[in-house]
Amino acid sequence: MREDQAMSPPEESAPYQLLPPLTPTEFEALKADIQARGVQVAIEFDEHGNVLDGHHRLRACREIGLKRFPRVVRAGMTDDEKREHALALNAHRRHLTRADRRRLVADLRELGWSIRRIAAATSTSVGTVTADLSVVQIRTPGVVVGSDGKQYKASRPRRPTSVLVTTERQQQAASEALVALGERAPAAHTDLRRLERLRRDQRSAEARQASRDASRPLIGGAEIRHCSIRDLTIPPGAVSLVLTDPPYSGADVQAGIYRDLAEFAGRVLAPGGWLVAYSPTMFLPQVLTDLSTSGLTYWWQYVIVFPQHPVQQRTRALASAYRSVVVFRQPGDTSLPAFTVDVLPGAGRAKDTSHPWQQAAGETRPLIEALTEPGDFVVDPFCGTGSFGLDATGLGRRFIGADIDAGHVDLARSRLADGSAGPSRRTTDEPAGR
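Residue numbers (the working numbering): 42 to 475.
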């Protein structure tokens, strides 16, 4: 069989197409990109010719008449493993509406997946999956299968909450918190401090929800978009600085998140523009390799130190007291930026009664000031809750941020609407092993 006649299933046969189809506009944009640049990510098939990943790319190739494109054939996986593999490849690429996500969560639950397994596969939290399942009508399975392949009971009887206090005032505070939290209160034994922390988080979330209004203008004309880095459309060569803190677990790095970042930055940066990316020290060699794949040139490494809050790295028997921040540059301009020191103080945590883990803003301001001028265009394709956007707009730079998590997008818009430092995405450094 010739290479251009490799088997592929009929378009209507898509047992592993778990995510909703692209809209006509999205599909036409994908097709135009493939026509211009070819297939950038290999289309994956199983040993029987079923498409595991790339249904829309395959359809676009058929419509264009393109017969030679990168393909991968994977064998030896069960149906369940194929579904999990397909989800893992697409979790950080696709932007799902809340309704789409709920349908996907419901489908996986009916297949007998545990809540934790669904959360891991869809890159959401256990709380989000639980909330999604509470508003959809499905038959709850009696037994579910976890990520470890073992079977568990789908639900367990809830244990009553118990709080030990010593004064009447503490008793009243515990009672008020338990009534307000309802089923969100932790099961079994807990303490008053934890209840008060949960209640503060609940009040903060309620306040954000009440004040959220998509029509509110953001400071400095900033934009926050709900999309993945692959769907973030920016005019080529328009950006002076891509400043970002990507998700960087070992799984994220292996899935190619820094290769996606390099491709994006290589496309949108102006000649001489900068890419500044927070990076996991554990996987720094792989990160540097991946960021070098799209023509960008390595410039330097900064470190942001936080000696008061070291994070244990058990697999290396050490406590890490700094973050790695790597800098790459788009060729085309040899001028030097403003002088900086490559060791920067970490911003640490800001105290706020509504959010005890809130991080102070301003950590990236020295880099933004050194590498850009007022009015320059700064983009963060993994913006989280918008901390870098606050720094950029506060220095008179134009800003566009994007994130695949709807909750992060809502909070980032709220913070950039009123200039609030608000709660940020991380506290100090990544968890051990990242």
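Every residue gets a Cβ at the ideal spot worked out from N, C-alpha and C, and that includes glycine.
Since we're looking at a predicted model, the values are computed, not measured.
Bridge partner(s) assigned by DSSP for residue i
i	result
aspartate 87	Arg115
tyrosine 343	Val366
glutamine 354	Leu359
isoleucine 159	None, per the DSSP bridge assignment.
proline 415	BP columns for proline 415 are empty, so no partner.
serine 333	Beta-bridge pairing links serine 333 to no other residue.
threonine 338	Arg370
valine 204	Thr231
Spatially closest choice to residue i from the options, by CA coordinates
i	options	result
threonine 207	Asp232, Leu431, Gly223 and Pro61	Asp232
aspartate 121	Gly153, Ile105 and Ala443	Gly153
leucine 284	Gly427, Gly95, Glu85 and Ser455	Gly427
aspartate 87	Asp383, Met323, Arg112 and Ala411	Arg112
phenylalanine 380	Leu412, Phe369, Gln349 and Thr405	Leu412
glycine 90	Ala101, Ala218 and Ala116	Ala116
threonine 330	Val344, Phe305 and Gly297	Gly297
aspartate 446	Leu239, Cys424 and Leu408	Cys424
alanine 306	Phe324, Arg271 and Ala292	Arg271
glutamine 81	Ser335, Arg439 and Asp383	Ser335
alanine 292	Ala161, Leu452, Pro62 and Ala433	Ala161
tyrosine 57	Glu69, Leu149, Lys108 and Arg109	Leu149
leucine 60	Glu209, Ala83 and Thr163	Thr163
threonine 322	Thr66, Ala303 and Val346	Val346
aspartate 286	Pro422, Ala311, Thr119 and Arg238	Pro422
glutamate 67	Gly435, His350 and Cys268	Cys268
glutamate 175	Thr434, Val384, Ser166 and Ala147	The residue you asked about is not glutamate; residue 175 is serine in the sequence shown. If we check each option's Cα against that of serine 175, Ala147 comes out closest.
leucine 219	Arg240, Ala140 and Lys123	Arg240
threonine 434	Gly448, Asp451, Gly416 and His449	Gly416
valine 450	Pro348, Glu69 and Arg266	Arg266
tyrosine 339	Ala311, Ala303, His350 and Tyr363	Ala303
Residue environment, residue i, which counts as buried when at least 16 other CB atoms sit within 10 Å
i	result
isoleucine 75	buried
lysine 72	buried
proline 372	exposed
glycine 79	exposed
methionine 42	Low per-residue confidence applies at methionine 42: pLDDT is 40, beneath 50, and the placement is therefore not dependable enough to give any value.
serine 155	buried
alanine 318	buried
glutamate 404	buried
valine 204	buried
leucine 359	exposed
tyrosine 299	buried
aspartate 301	buried
leucine 337	buried
isoleucine 96	It is worth fixing the name first, because residue 96 is histidine in this sequence and not isoleucine. The residue is buried, with at least 16 neighbouring Cβ atoms inside 10 Å.
serine 365	buried
histidine 230	exposed
glutamate 414	exposed
serine 216	exposed
valine 170	buried
leucine 332	buried
threonine 356	exposed
alanine 77	exposed
alanine 251	Reliability of the predicted coordinates at alanine 251 is poor, the pLDDT of 44 falling under 50, and the value obtained from them is presented with this limitation in mind. That one is exposed.
valine 92	buried
Continuous beta strand (DSSP E) stretch holding residue i: start and end
i	result
tyrosine 319	310-320
alanine 443	439-444
valine 146	Run containing valine 146: none in the beta strand (DSSP E); it sits in the alpha helix (DSSP H), 139-151.
phenylalanine 418	418-421
aspartate 94	92-94
proline 386	384-386
aspartate 294	It should be noted that the sequence gives valine, not aspartate, for residue 294. Here valine 294 belongs to no beta strand (DSSP E); instead the alpha helix (DSSP H) covers 291-295.
isoleucine 265	264-267
leucine 282	280-285
Presumed contact (8 Å Cβ cut-off) between residue i and residue j, rounded CB distance
i	j	result
aspartate 94	arginine 142	Incorrect: roughly 19 Å between the Cβ atoms, too far for contact.
leucine 316	alanine 443	Actually they are not in contact, since the Cβ atoms of leucine 316 and alanine 443 sit about 15 Å apart, beyond 8 Å.
valine 352	glutamine 327	Rounded, the Cβ-Cβ distance is 20 Å, inconsistent with contact.
leucine 259	arginine 454	7 Å
valine 419	serine 281	7 Å
isoleucine 441	glutamate 264	5 Å
histidine 309	tyrosine 343	Going by the sequence as given, residue 309 is valine instead of histidine. With a Cβ gap of about 22 Å, valine 309 and tyrosine 343 do not count as contacting.
arginine 406	glycine 261	Actually they do not touch by this definition, with Cβ atoms about 14 Å apart.
alanine 221	glutamine 243	7 Å
glycine 278	arginine 370	The Cβ separation is near 14 Å, so there is no contact.
leucine 431	leucine 457	7 Å
leucine 99	isoleucine 84	5 Å
leucine 436	glutamate 410	6 Å
Where the alpha helix (DSSP H) containing residue i begins and where it ends
i	result
valine 220	209-222
lysine 72	65-78
alanine 172	167-175
alanine 433	428-435
Any non-hydrogen atom of the ligand MG closer than 7 Å to residue i Cβ
i	result
glycine 153	The ligand MG is absent from the structure shown, which contains no ligands of any kind.
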